[in-house]
Each structure stands twice: as C-alpha cells, then as structure tokens.
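Below is one structure, written out as structure tokens; comments come after it.
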Amino acid sequence: MGNKQTIFTDEQLDAYQDCTFFTRKEILRLHGRYYEMAPNVVPMDYTKDPDVKLPMQLIINMPELKENPFKERIVESFSEDGEGSLSFNDFVDMFSVLSEMAPRELKAIYAFKIYDFNTDNFICKADLEKTLNKLTREELTAEEITLVCEKVIEEADMDGDGKLGFADFENMISKAPDFLSTFHIRI
Amino acid sequence: KEDKEEDESKEEDNGSQQNRACRRKNYQRRNRDGKKAREEESQKKDRGKTAPTKDQKDSENKEKKTTKRGKEGKKDRKNSTSSASSNSSDEESLSEEELAMLKEQVEQKKKLISTMRNKPWRMVKKLSKWVKFKRDFENFKTQCIPWEMKIKEVESHFGSSVASYFIFLRWMYGVNLVLFALIFGLVIIPEVLMGMPYGSLPRKTVPRAEQETAMDFSVLWDFEGYIKYSALFYGYYNNQRTIGWLKYRLPMAYFTVGISVFGYSLMVVIRSMARNANESTADGDDNNFIFSWKMFTSWDYLIGNPETADNKFASITTSFKESIVDEQESNKDENIHLRRFLRVLANVLIICCLCGSGYLIYFVVKRSQTFSKMQNVGWYERNEVEIVMSLLGMFCPPLFETIAALENYHPRIGLKWQLGRIFALFLGNLYTFLLALMDDVNEKLAEEDVVKNITHWTLLGHHNSSAGNASAVTPPPLDPADVPRGPCWETTVGIEFVRLTVSDILVTYITILVGDFIRACFVRFVNYCWCWDLEAGFPSYAEFDISGNVLGLVFNQGMIWMGSFYAPGLVGINVLRLLTSMYFQCWAVMSSNVPHARVFKASKSNNFYMGLLLLILFLSLLPVAYTIMSLPPSFDCGPFSGKKRMYDVIQETIELDFPLFVAKIFSYVANPGLIIPAILLMVLTIYYLNAVSKAYQRANAELKKKMQMQREEEKNKRNNKASTNPMLQDLEDLLTPSTKTESPPKQAEDKKTESLNGSSPVRKPGRGEVLAGSPMASGRGAAFTPPSQAFVTQPRTLGVRAPYPGQPRPWGHPLGPVPGRGRGQPCYPPWAAR
Numbered sequence: 001m002g003n004k005q006t007i008f009t010d011e012q013l014d015a016y017q018d019c020t021f022f023t024r025k026e027i028l029r030l031h032g033r034y035y036e037m038a039p040n041v042v043p044m045d046y047t048k049d050p051d052v053k054l055p056m057q058l059i060i061n062m063p064e065l066k067e068n069p070f071k072e073r074i075v076e077s078f079s080e081d082g083e084g085s086l087s088f089n090d091f092v093d094m095f096s097v098l099s100e101m102a103p104r105e106l107k108a109i110y111a112f113k114i115y116d117f118n119t120d121n122f123i124c125k126a127d128l129e130k131t132l133n134k135l136t137r138e139e140l141t142a143e144e145i146t147l148v149c150e151k152v153i154e155e156a157d158m159d160g161d162g163k164l165g166f167a168d169f170e171n172m173i174s175k176a177p178d179f180l181s182t183f184h185i186r187i
Numbered sequence: 001k002e003d004k005e006e007d008e009s010k011e012e013d014n015g016s017q018q019n020r021a022c023r024r025k026n027y028q029r030r031n032r033d034g035k036k037a038r039e040e041e042s043q044k045k046d047r048g049k050t051a052p053t054k055d056q057k058d059s060e061n062k063e064k065k066t067t068k069r070g071k072e073g074k075k076d077r078k079n080s081t082s083s084a085s086s087n088s089s090d091e092e093s094l095s096e097e098e099l100a101m102l103k104e105q106v107e108q109k110k111k112l113i114s115t116m117r118n119k120p121w122r123m124v125k126k127l128s129k130w131v132k133f134k135r136d137f138e139n140f141k142t143q144c145i146p147w148e149m150k151i152k153e154v155e156s157h158f159g160s161s162v163a164s165y166f167i168f169l170r171w172m173y174g175v176n177l178v179l180f181a182l183i184f185g186l187v188i189i190p191e192v193l194m195g196m197p198y199g200s201l202p203r204k205t206v207p208r209a210e211q212e213t214a215m216d217f218s219v220l221w222d223f224e225g226y227i228k229y230s231a232l233f234y235g236y237y238n239n240q241r242t243i244g245w246l247k248y249r250l251p252m253a254y255f256t257v258g259i260s261v262f263g264y265s266l267m268v269v270i271r272s273m274a275r276n277a278n279e280s281t282a283d284g285d286d287n288n289f290i291f292s293w294k295m296f297t298s299w300d301y302l303i304g305n306p307e308t309a310d311n312k313f314a315s316i317t318t319s320f321k322e323s324i325v326d327e328q329e330s331n332k333d334e335n336i337h338l339r340r341f342l343r344v345l346a347n348v349l350i351i352c353c354l355c356g357s358g359y360l361i362y363f364v365v366k367r368s369q370t371f372s373k374m375q376n377v378g379w380y381e382r383n384e385v386e387i388v389m390s391l392l393g394m395f396c397p398p399l400f401e402t403i404a405a406l407e408n409y410h411p412r413i414g415l416k417w418q419l420g421r422i423f424a425l426f427l428g429n430l431y432t433f434l435l436a437l438m439d440d441v442n443e444k445l446a447e448e449d450v451v452k453n454i455t456h457w458t459l460l461g462h463h464n465s466s467a468g469n470a471s472a473v474t475p476p477p478l479d480p481a482d483v484p485r486g487p488c489w490e491t492t493v494g495i496e497f498v499r500l501t502v503s504d505i506l507v508t509y510i511t512i513l514v515g516d517f518i519r520a521c522f523v524r525f526v527n528y529c530w531c532w533d534l535e536a537g538f539p540s541y542a543e544f545d546i547s548g549n550v551l552g553l554v555f556n557q558g559m560i561w562m563g564s565f566y567a568p569g570l571v572g573i574n575v576l577r578l579l580t581s582m583y584f585q586c587w588a589v590m591s592s593n594v595p596h597a598r599v600f601k602a603s604k605s606n607n608f609y610m611g612l613l614l615l616i617l618f619l620s621l622l623p624v625a626y627t628i629m630s631l632p633p634s635f636d637c638g639p640f641s642g643k644k645r646m647y648d649v650i651q652e653t654i655e656l657d658f659p660l661f662v663a664k665i666f667s668y669v670a671n672p673g674l675i676i677p678a679i680l681l682m683v684l685t686i687y688y689l690n691a692v693s694k695a696y697q698r699a700n701a702e703l704k705k706k707m708q709m710q711r712e713e714e715k716n717k718r719n720n721k722a723s724t725n726p727m728l729q730d731l732e733d734l735l736t737p738s739t740k741t742e743s744p745p746k747q748a749e750d751k752k753t754e755s756l757n758g759s760s761p762v763r764k765p766g767r768g769e770v771l772a773g774s775p776m777a778s779g780r781g782a783a784f785t786p787p788s789q790a791f792v793t794q795p796r797t798l799g800v801r802a803p804y805p806g807q808p809r810p811w812g813h814p815l816g817p818v819p820g821r822g823r824g825q826p827c828y829p830p831w832a833a834r
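Here the protein sequences come in this chain order: A and B.
Going left to right, the first sequence walks through residues 1 to 187 as full-length UniProt numbering numbers them.
Going left to right, the second sequence walks through residues 1 to 834 as full-length UniProt numbering numbers them.
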C-alpha cells in the first residue's frame with residue numbers, strides 16, 4: 001500500500017483493524033475527526049501511544065451526536081474512566097460498535113449499558129422513566145409515564161424481579177425488527 | 001502409533017517452515033500444546049485418541065490453507081494471541097482434559113473466523129457497488145414520491161390516522177392522473193388535433209341565438225357558452241368513423257376509453273385492497289414487545305438535523321400516546337349488558353334518523369317535480385331540493401356523532417361507524433340527484449324527436465331554396481350556427497356533473513377557510529379581549545375531521561366516475577382539484593388544527609376506505625352502464641350520433657376493421673350458451689377460493705395461538721424458577737443448549753472477546769463446580785450430579801437471589817467486570833476453588 005502515513009505504526013493500524021470494524025482509511029479518518037475537535041491537545045503522532053483524553057463536552061458537540069437525546073450516556077458507556085472522557089481508543093471503539101457492521105449481540109450489550117442510567121447493570125423503573133422523558137422531551141403526563149414503564153417491565157421482564165436484566169433486555173431486543181437500523185451512527 | 005503421528009506432523013511442519021519463518025513459532029507452540037494434550041488424553045480411557053489428534057491435524061491443514069490465501073501476518077498475530085489466550089486460559093480451574101478440548105475448539109473457531117472475515121469482507125467490497133447502485137435507485141424512487149416529507153410532518157404532529165387521509169388523497173391523485181392521461185391522450189388530443197375544428201360543424205358551434213352571451217362570465221361559469229361547445233363535453237365529438245391521416249377510430253376509442261376508465265379503477269382498487277390484506281395478516285405476531293420496542297428502538301441514531309430531530313420527538317410522543325390509548329381501551333372493563341343496550345339504542349336512533357331523512361328527500365323531490373310543472377315558482381321552491389339536502393348534510397353528521405357517544409367504542413371503531421352512517425346519508429343525496437337527472441334526460445329524449453323533425457325539414461327547405469337560386473352550383477351549406485339543434489342530453493348530463501364537482505370544490509375550500517382558518521384566527525386573536533377562554537372552551541381550535549374529509553373524497557370520486565363518460569374534461573378538473581387540495585389542506589391542518597384529544601393509530605389496513613371506494617365505483621358504474629345499454633344517443637351530437645345504441649360502435653368496428661373470422665369468434669362468444677356456463681364457472685371458482693382462504697385463516701390462527709401458548713409457558717417457567725427444586729433447576733439450566741459459551745469465541749474482536757469471556761462464563765462456573773468430576777464439554781451430559789455438592793452450591797442466576805451459605809454475595813455483578821477492555825478475573829467462592 002502506497003501512502004506513507006506517520007500517525008500510526010503499521011502494527012497499530014493492524015491492531016485497530018483487528019479489533020474494530022473499520023478499515024485502515026476509516027481509522028485514519030477517525031483520527032482526523034478526533035484531532036480536529038481539539039488540535040492543540042491531540043497529537044498528530046500516535047506511534048508512542050500518548051495518553052490523551054478528550055472531555056465529554058467536546059464529544060457530544062459532534063454533529064453526529066448533537067441531536068441524540070442519549071448522547072451523554074453513549075459517551076459515558078464507552079469511556080474507560082466512567083466520567084465521559086474518551087481516549088482515541090475509546091472513540092474508535094464507540095463508532096465501531098455503532099457502525100453498520102457490528103453484530104447485533106455486541107450492539108445489544110452497549111445499548112443495555114446506555115439505557116442503564118444508574119449503571120447498576122439493571123434497567124430499573126427509574127432508568128425507564130429517564131429514557132422515556134428523554135425520548136418525548138417530557139411531554140407525557142406522569143400517569144402516562146407510569147403506564148408505559150409498567151408495560152415495558154411487564155413485557156420484557158422474564159425473571160420477575162421488577163427490572164430488566166441483561167438477559168431480559170437481550171431477549172427483547174433480539175426480536176426487534178428496527179434495532180439494527182436505528183442503533184446505527186454513520187461517521 | 002503416537003510417534004508415527006508425531007513424525008508425520010513434524011514433516012508437515014518442516015515443509016511449511018521453509019516458507020514462513022514466523023510460523024515456526026506457532027507450529028512449535030501448537031505441537032507443544034498438542035503434545036501435552038495427547039499425553040493427558042492417553043491417560044484417560046474413555047476418550048478416543050484419534051479425535052483430538054485428528055482435530056489437530058485438521059487445524060494444521062486449515063492453517064496452511066488459510067495462510068496461503070494471504071494476510072498471513074494477521075493470521076500469525078491471531079494465532080499468537082489465540083495461543084496466548086489459550087495459555088492464559090490454563091489458569092481457569094478446569095480439568096486438563098477439558099482445557100485441551102476447549103482450547104482446541106476455541107482455536108478452531110478463531111481460525112474459522114479469521115478465514116471467514118477475510119473472504120466475505122472481500123465479497124462485500126465487490127458486491128457493494130451493485131448494492132450501492134440499488135440503494136441509490138431506491139432512494140431516488142422514494143424521493144420521486146411526491147409530498148412524502150409533507151405527509152411525514154403531518155404524521156409526526158397529528159398521528160397516523162390524520163396522515164392516512166393524506167396518503168389516501170395522494171393515492172387518489174395518482175389514480176386520477178393515470179385516468180387523465182388515458183382520456184386526454186386517447187380522446188381529447190386526437191379530436192382536437194385531427195378532428196374538424198371549431199365552427200365547422202353544427203355540433204361544434206355555438207348556436208346563433210346564444211352567440212351574444214356566449215362569452216359572458218356568468219354563462220361560462222354555468223358551463224354554457226363556449227365551454228359547452230368545446231372538447232370538454234361529449235357533444236363536441238364528431239361521429240366520423242376514422243379521422244386524420246392516422247385513420248384514428250375516434251368513436252371506438254371514446255367507447256373503449258370510457259369502459260377502461262372503470263376497468264382500470266376497479267383493478268387498482270382491488271389490487272390495493274389485496275395488498276393491504278396481505279400486510280395486515282403478516283404482522284400481529286409481534287404484539288408482545290410494543291412498548292419495549294417503542295422505548296428502545298424508536299430513536300433513529302442517524303438523525304443529525306435539528307428539524308428532523310424535532311419531528312422525530314413529536315412523532316415518538318404521538319406514537320406513545322397512540323399506544324397508551326390502545327392500552328387503555330383494552331383495559332376498560334365495564335358492565336357489558338349496559339354497553340350492549342346502549343349500543344342497540346344508539347343504532348335504533350340513527351336508523352330512525354336515516355329513514356326520516358330518506359323520506360324527507362323523497363318527498364321534496366316529488367314536490368319539486370310538481371313545482372316544475374307549475375308557473376310562478378319562487379326562488380325557494382326552485383331550490384328546495386338543494387336547500388334540504390345541504391341542511392341535512394350539515395346537521396346530520398354532528399347529530400350522529402352525539403348519538404354515537406352512547407356507544408363508547410374505541411375511537412378507531414367509532415370512526416368506522418360514523419363513516420358508514422354518513423355514507424348512508426349521502427346515498428340519499430345521490431339518489432335524488434340521479435332521479436332528477438333521469439327526469440331531465442327523459443324529457444330531453446322526448447324533445448329530441450320533435451327537434452329531429454324540425455332539423456330535417458329546415459335542411460330540406462334550405463336545399464330547395466338554394467337549389468332554386470342557382471341550379472347547377474351546389475347550394476352553399478347552411479351556416480352551422482343556424483342549424484336547429486337537438487337538446488343533446490349527454491352534454492347536459494356532463495354539464496350537471498361538472499357543475500356539481502365545481503360547487504363541491506368551492507364548498508370544501510370555503511368550509512376549510514371559514515371553519516378552520518378564520519376560526520383559528522378568531523380564537524387566537526380575540527381571546528385576549530373575551531370573557532371566557534376561547535381556546536379551552538367553545539369554540540376552540542378545530543380538530544381535523546377525518547371522516548368528513550374521507551367521505552368527501554370518496555363521493556367526489558364517484559361523481560367523477562359517473563361523469564367522465566359524458567364530460568371527458570372532468571377528470572382533468574379533478575386532477576387540478578386534488579393537487580391544490582393536497583397543498584391547501586396540508587397548510588390548513590398545520591396552521592389551524594390541533595391534534596385530536598385522543599390520538600389513535602390508523603387501522604393497519606386501509607381497507608375500510610378502499611371498501612367504500614369500491615362500493616361507490618359499482619354504484620357509479622350502474623347509471624353509466626344503464627344509459628349506454630338502453631338509451632339511444634342523440635342524433636346530432638357526440639361520437640355515437642346516428643347509431644341506434646352506443647355499443648353499436650363495437651359491432652361496426654368488428655365488421656369493418658377486423659378480418660372476418662374475428663367477427664365469427666365474437667358472435668360465438670356472445671352466444672348465451674357460452675356465457676352462462678362461463679359465469680357458472682366463475683361463481684364456482686369464487687366459492688372454492690373462498691373456502692381455501694378460510695382454511696388458511698383458520699390454520700394461521702391456530703399457529704398464532706400455539707406460539708402465544710409457548711411464549712407464555714416460557715415466561716411461566718422462568719417466573720417459577722425460584723420455586724422449583726434447586727437441583728432440578730441446575731439440571732434444567734445445564735440441559736438448555738449453552739449457546740452462551742459458544743457465542744463469545746465468535747466475536748471477531750479479541751478485546752471484546754476477552755471482556756465477554758469475563759462475563760458469560762461467570763454464569764457457568766457455578767454449574768461447573770456442581771458437576772465436578774464429570775466431563776463438561778459444553779455443559780451437556782450433566783444429568784447426574786452427586787446430590788451433596790448440589791445443595792451447597794447454587795447456580796448463579798442473574799440478580800443473585802439466594803446468598804451462598806455463610807457468604808454475603810461473593811461477587812459483584814452478574815456481568816462481572818465488564819466495562820472497558822480489561823479481562824477481569826471472575827471470582828469464585830472459596831469452596832469451589834480447585
């Protein structure tokens with residue numbers, strides 16, 4: 001291959017290609033996007049694996065994420081420190097999982113994480129209420145919200161603990177016809 | 001025996017090692033592992049030695065093949081990582097043998113994955129150009145569909161039932177466009193281009209008596225004057241058998257196009273109904289997760305545009321509200337007897353209303369017939385029928401709605417009932433209109449005989465007089481404007497329909513303007529200086545009247561179908577009307593209407609509207625068919641003038657234009673002896689198909705029931721898990737195919753694999769401990785656990801319920817150390833450690 005790029009070593013690029021669903025070109029492009037968010041912080045040379053993280057505020061202002069009601073949760077789920085700052089690896093990870101080529105099971109894992117607002121590994125009623133409010137911009141009345149959340153738990157909760165565990169969530173989402181097409185960000 | 005195998009494999013290794021130096025490492029490692037495995041297995045009696053060694057050979061061969069295909073470096077790294085992971089997996093507390101087995105499987109699968117990842121990836125690249133082209137074409141096609149964005153906007157704010165009206169409107173526009181193209185291209189254009197021009201024939205000229213007023217606006221507005229004698233109406237067309245250099249058979253074309261208008265409409269309506277029926281049976285299966293899917297899969301992560309996001313929020317909210325309404329309806333349980341009684345009562349009341357209005361219309365029509373015979377009729381008497389009909393049309397629908405409040409139906413069903421009732425009311429209107437028209441036609445037919453004689457004698461007289469002046473020269477033809485004209489009932493009928501359509505358009509638009517827009521302006525601006533809150537109380541903003549608009553559309557189309565045979569230009573007027581209607585109504589809805597208080601989902605199939613349309617189609621076919629078959633055409637206007645019946649044109653064409661045998665065939669086919677058996681055959685086919693379709697429906701329902709029962713059983717099983725014997729629980733869990741252990745290795749990402757390996761096997765170790773001592777290949781064959789151990793350990797279910805004896809929850813989450821990429825160590829309770 002021709003172009004000599006000095007951002008990553010060949011081994012790094014190969015590793016990225018192994019671990020994500022992106023091609024070489026796309027990874028370089030992602031680096032470009034990551035760089036232009038904070039050019040004075042992100043180095044152009046990643047060969048030495050610099051430890052650079054971008055704060056959540058920068059990431060959620062990306063045009064791909066700006067209109068998404070769950071943008072904070074998305075970034076938090078992929079951030080290693082749980083605070084929402086993403087290193088480049090996390091950044092690539094995030095878009096890889098949300099890309100078209102990621103398999104359903106993988107997406108389901110991360111979707112579960114995103115909708116689990118209090119990160120207790122269960123989607124409980126409070127999580128559902130928060131999700132609903134974000135989806136409808138709080139236009140539903142309190143009783144409508146309660147009704148919907150109760151219905152969701154009734155539909156999906158298989159083991160009867162009153163909240164959705166990962167198995168419940170996966171069982172429900174695996175049958176959803178729209179999941180793969182909506183849980184998709186193109187970058 | 002073992003040595004020989006080792007030697008063989010060594011030879012293979014050597015051969016390949018000459019090619020790739022870096023693979024030496026992997027082969028050596030593999031041999032090392034393989035040797036270890038072999039040594040372990042030779043100690044066991046119950047496992048065949050051939051199996052693992054064969055597996056190893058296969059894996060080696062496979063590796064050779066795959067590496068030859070390219071991307072070897074990647075493979076090496078994979079192998080090294082896989083062997084690295086397999087080395088680290090030694091730390092798992094499984095028996096050596098199980099470890100080797102698992103390792104083999106994992107390695108095999110990883111190799112498989114790497115090959116798979118290569119090949120399909122390249123294929124996808126190759127295919128993708130074609131796929132891309134198809135996708136672009138689909139996008140282009142969907143962009144060509146007009147008003148898609150507009151309708152989506154309406155849908156997101158007002159719900160799917162209001163949007164379904166606009167979708168119906170758009171569909172009607174499409175159908176009318178096709179009909180217009182047919183009529184315009186095959187009838188109007190040929191006559192205008194190739195037929196005789198205006199003024200050359202009596203039928204194409206304004207009569208002398210009317211010529212001064214022919215250009216007046218009021219006359220034109222009534223569709224008299226120049227418009228009457230134009231290609232818009234039946235009377236303009238000449239009955240010449242062939243016209244122009246193309247020898248275009250205009251009368252035949254006129255007749256055929258008239259019939260095919262009905263044929264095409266019928267085909268399109270039935271096709272649409274069939275398609276809707278298909279769709280409605282396809283789903284209905286996935287009713288189980290409606291709210292869950294709405295919550296987790298409705299937001300489209302691809303949205304980046306703020307306006308689109310706004311629309312999406314609105315549509316999600318509306319969609320939730322619709323489902324909530326559905327849910328609340330299904331939860332209502334009331335006194336069923338009271339409900340039934342009220343419904344019967346409501347129906348009785350409404351039937352009384354309908355009968356009353358029917359009688360009223362009949363009475364008024366009879367009166368108007370007597371009035372027309374009298375002199376000195378006032379304005380009221382002349383227009384009594386129209387006034388009564390308008391009043392009925394204005395007051396009965398709200399009356400029906402108030403009575404329907406007794407019935408307490410789901411709004412969707414209530415809408416259907418309302419539509420049906422207003423339909424019955426409008427049928428009364430139709431009846432009177434047709435009756436009036438038939439009276440008119442009969443009158444004109446009677447008049448025609450008289451005029452025919454007059455015309456005949458006038459022309460004769462003109463000939464004689466002009467012959468008297470100049471004997472040798474042919475007499476100058478009488479100016480077309482002076483020829484006495486027949487009443488031409490067909491054009492009159494056409495004019496009536498056109499007038500009706502135009503007044504309908506005007507009334508609709510004015511109603512929308514006043515009833516919705518002016519009302520909205522009034523409520524909005526006068527609210528500041530009014531005693532009570534106009535927005536909350538009376539009159540408030542209008543809601544979009546779905547039933548009224550749909551019925552208006554359907555009846556309008558019926559009028560078009562009835563009138564298009566006698567006024568070819570009518571379809572063009574309708575196309576214009578539908579086009580402007582779309583924009584006008586979209587604007588009116590978005591600016592002056594509020595969403596319904598109870599937003600409800602449109603019924604999945606649009607078949608109700610289609611059914612109404614079909615009914616109207618048949619009703620409008622009948623009068624036209626009757627007039628074609630039994631009334632004689634006018635003698636001096638239209639393409640069939642001079643014939644005894646309109647359908648004689650077919651006979652004429654067959655005789656003169658087709659070869660002889662075609663005429664013979666037609667005469668045989670028209671024989672009743674052939675037609676009656678054909679009809680019988682069709683009836684039998686319909687009966688048979690009906691029976692077959694019922695059988696399929698029954699089978700479908702049974703399958704659905706079975707699936708439903710299965711789902712409930714599964715749910716009950718899971719719910720009752722805690723109550724059953726824990727040992728049986730273990731057994732059950734083990735017996736279910738442990739696809740969970742096999743799915744982690746399938747992940748193509750190493751990092752993800754590691755985190756998943758950290759997660760799912762965490763569920764397994766509990767069972768693994770239970771089955772200490774028995775081979776645990778994939779969790780199967782685990783039926784015989786020694787009871788003592790089973791009581792001590794319990795499988796880790798999600799949401800750890802039963803604490804282990806003396807242990808307050810040994811490990812944190814069911815999912816283990818998942819976040820990030822690190823591969824955490826699943827912790828085990830001390831008594832399970834080896």
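Glycine included, every Cβ here is placed at the ideal spot set by N, Cα and C.
Buried or exposed by the 16-neighbour rule on C-beta atoms within 10 Å, applied to residue i
i: residue 526/B; result: exposed
i: residue 689/B; result: exposed
i: residue 562/B; result: buried
i: residue 545/B; result: buried
Proximal residues of chain A, C-beta to C-beta of residue i below 7 Å
i: residue 107/B; result: The premise fails here: residue 107/B is roughly 16 Å from chain A at the closest Cβ pair, so nothing lies under 7 Å.
Per-residue DSSP class, three states only, for residue i
i: residue 145/B; result: coil
i: residue 831/B; result: Note that residue 831/B has pLDDT 44, beneath the 50 cutoff, so the model's placement of it is unreliable and the number below is only indicative. Reduced to three states, the DSSP call for residue 831/B is helix.
i: residue 647/B; result: coil
i: residue 219/B; result: helix
Interface partners of residue i on chain B, CB under 8 Å
i: residue 115/A; result: 296
i: residue 128/A; result: 295
Chain B residues whose Cβ lies nearer than 9 Å to that of residue i
i: residue 91/A; result: Correct list: empty, because the minimum Cβ distance to chain B is about 14 Å.
Residue i: contacting residues in chain A (beta-carbon distance under 9 Å)
i: residue 317/B; result: 135, 136, 137, 139, 140
i: residue 313/B; result: 69, 135, 136, 137, 139
i: residue 835/B; result: Any answer about residue 835/B is impossible in this case: the structure gives chain B only from 1 up to 834.
Residue i Cβ short of 7 Å to the ligand SAH heavy atom set
i: residue 277/B; result: Ligands in the displayed structure: none, and consequently the ligand SAH is not present.
Where residue i meets chain A, residues with beta-carbon distance less than 8 Å
i: residue 715/B; result: 158
Interface residues of chain B facing residue i [CB-CB closer than 7 Å]
i: residue 75/A; result: Chain B residues near residue 75/A: none, gap ~13 Å exceeds 7 Å.
i: residue 132/A; result: 295
Would you be able to state if there are at least three C-beta pairs under 8 Å between the region 88-96 of chain A and the region 159-168 of chain A? no
Cβ-based contacts, 9 Å cut-off: residues of the region 289-307 of chain B near chain A: 289, 290, 291, 292, 293, 294, 295, 296, 297, 298, 299, 300, 301, 302, 303, 304, 305, 306
Residues from the region 319-331 of chain B in contact with chain A, defined by Cβ distance under 9 Å: 320, 321, 323, 324, 327, 328
Indicate whether the contact test is met: 3 or more Cβ pairs, each with one atom in the region 446-454 of chain B and one in the region 164-177 of chain B, closer than 8 Å. no
Along the region 144-172 of chain A, what residues have a CB closer than 7 Å to any CB found in chain B? 144, 147, 148, 151, 152, 155, 156, 158, 159, 160, 161, 165, 166, 167, 172
Contacting positions in the region 526-537 of chain B - beta carbon closer than 7 Å to chain A: none
When the Cβ atoms of the region 612-624 of chain B are set against those of the region 632-651 of chain B, are three or more pairs found closer than 8 Å? no
Between the region 226-236 of chain B and the region 185-202 of chain B, can you find at least three pairs of beta-carbon atoms closer than 8 Å? yes
At a cut of 8 Å, does the region 505-525 of chain B reach the region 479-487 of chain B through at least three beta carbon pairs? no
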